[in-house]
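Heads up, the sequence shown stops at 198 in our numbering, and the numbers go up one at a time, no gaps.
Built from N, CA and C at the ideal position, the CB exists for glycine as well.
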Amino acid sequence: MRLWDVLLGRTPPAPPDLDQLFGLPSAAVTLQAAAGFRPTGHGAVCFATVEGAAFDQTHREVRELLDADAGRSGPPVELTQDAYGYSWLVSQRAPDQLPELVNDLHAVNSALEANGFGPQLLCSLAGFRDDAGRGLALVYLYKRGAFYPFAPLPGQARRRDNALELQMKTALADDLRIEPDLSRWFPLWGAPGL
Numbered sequence: 005m006r007l008w009d010v011l012l013g014r015t016p017p018a019p020p021d022l023d024q025l026f027g028l029p030s031a032a033v034t035l036q037a038a039a040g041f042r043p044t045g046h047g048a049v050c051f052a053t054v055e056g057a058a059f060d061q062t063h064r065e066v067r068e069l070l071d072a073d074a075g076r077s078g079p080p081v082e083l084t085q086d087a088y089g090y091s092w093l094v095s096q097r098a099p100d101q102l103p104e105l106v107n108d109l110h111a112v113n114s115a116l117e118a119n120g121f122g123p124q125l126l127c128s129l130a131g132f133r134d135d136a137g138r139g140l141a142l143v144y145l146y147k148r149g150a151f152y153p154f155a156p157l158p159g160q161a162r163r164r165d166n167a168l169e170l171q172m173k174t175a176l177a178d179d180l181r182i183e184p185d186l187s188r189w190f191p192l193w194g195a196p197g198l
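What follows is the structure, given as structure tokens:
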């Protein structure tokens, strides 16, 4: 930690810890009990777009690894790009297969990290929905080692339900490491998996 950080009382962010993703199944139980949100079976890993043979090989390895799992409800992993130029590796499972989805997200992150693409990793998310049709994502910030809830308002362009996000922050405090800096709770408009 640098001298100015010490003098100003700033603490360094937690380092990436992909094992934090394994807290999502217990958080899902809390989400359902606290607010009626259930897993959608959709999840994604976001990273700065990478091109080249090394990434193509890593993507093939991830697909082969996840393709070996016969219990999936969709394609093993889809590679998409959003309107902002970021890439997403998207996994789809049955809604009751959240532990398997978490394994997929962990495997994708681990493969990218092991092949030298860790600096490009941005976040991972798992999608949830309630009976009223509201969507919620639990977003893991790779570089911060923490989660935050993101709740876009249904039918409204680029508006989010801040009250719900803060309610979920409090509800999930015992299940997940929550990002304390609210300015880092970035909106993920149009993210796959929501």
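In the three-state reduction of the DSSP assignment, A32 falls in the helix class. Excluding sequence positions up to five before and after F26, its CB lies within less than 8 Å of the CB of V106, H110, all in the same chain and listed in chain order.
Within the segment 154–183, the complete alpha helix (DSSP H) segments of 4 residues or longer fall at 166–175, listed in chain order. Boundaries of the beta strand (DSSP E) around A130: 125–133. The beta-carbon separation of F151 and R181, rounded to 6 Å, stays under the 8 Å limit for a contact. The shortest CA-to-CA distance from A118 to any of T84, L129, H63 is the one to H63. The DSSP assignment places complete alpha helix (DSSP H) segments of no fewer than 4 residues inside the segment 74–119 at 102–116, in order along the chain.
In this model, D135 and A38 are separated by some 13 Å (Cα to Cα). Contact annotation, G197 with V94: C-beta distance approximately 6 Å; criterion of less than 8 Å satisfied. CA-CA distance, G122 to S91, rounds to 14 Å.
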